[in-house]
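In what follows, a structure is listed as structure tokens, so that the remarks can point back to it.
Rendered as structure tokens:
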């Protein structure tokens, strides 16, 4: 009986030693061939006006829009806005840019492409700055199709598919 218990203990200790040795060997070490990433400072973040943020130069997930000085002119109050479906991700927009649901863009039927808008939720007064890059929406009664990220930033109910907003146009 003692013979089996000592063998079992030795086996467990050996396994633990091997596991800890393997874990130390497989830790990610910085390689000498990894390029250094330069930091870039963006002047204005879309969501927090006036706050500076730092981005890594190869980071493609954060989209910011530098808001120029100017006044916003009221375009429409109580407009009905929704967001793009995921199936449009990666497709070309009317402006020629690739659409990304992580961007801060929108679609409008008549406003010129490249127009910068301030879209404010009328219920909770949250707002985002977006750029018109596409045509649409093609649903009767809707004024804007926002990217998913822009919509979720202003939505009071994350499960809803539409929200009433105030649209203001940046005047230069």
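Numbering (our numbering), first residue to last: 6 to 177.
All C-beta atoms in this analysis are idealised placements derived from N, C-alpha and C, irrespective of residue type, glycine included.
Because the structure is a prediction, the values reported are computed rather than measured.
Residue i - partner residues in DSSP beta bridges
i: residue 172; result: 81, 124
i: residue 97; result: 103
i: residue 165; result: For residue 165, which the question treats as bridged, DSSP gives no partner whatsoever.
i: residue 13; result: Per DSSP, none; premise fails for residue 13.
i: residue 76; result: 176
Contact check, residue i vs residue j, beta carbons under 8 angstroms
i: residue 91; j: residue 107; result: no
i: residue 123; j: residue 132; result: yes
i: residue 77; j: residue 176; result: yes
i: residue 137; j: residue 84; result: no
i: residue 99; j: residue 79; result: no
Pick from the options that is closest to residue i, judged by C-alpha positions
i: residue 217; options: 164, 175, 87; result: Lying before the first or after the last residue shown, residue 217 is absent from the chain, which here runs from 6 to 177.
i: residue 127; options: 89, 111, 173; result: 173
i: residue 104; options: 152, 165, 121, 82; result: 152
i: residue 140; options: 116, 134, 81, 78; result: 116
i: residue 135; options: 96, 113, 93; result: 113
i: residue 190; options: 111, 97, 14, 158; result: A question about residue 190 goes unanswered here, because the residues of the chain that appear run from 6 up to 177.
i: residue 162; options: 129, 11, 10; result: 129
Cβ distance (whole Å) where residue i is taken to contact residue j below 8 angstroms
i: residue 147; j: residue 109; result: Incorrect: roughly 19 angstroms between the Cβ atoms, too far for contact.
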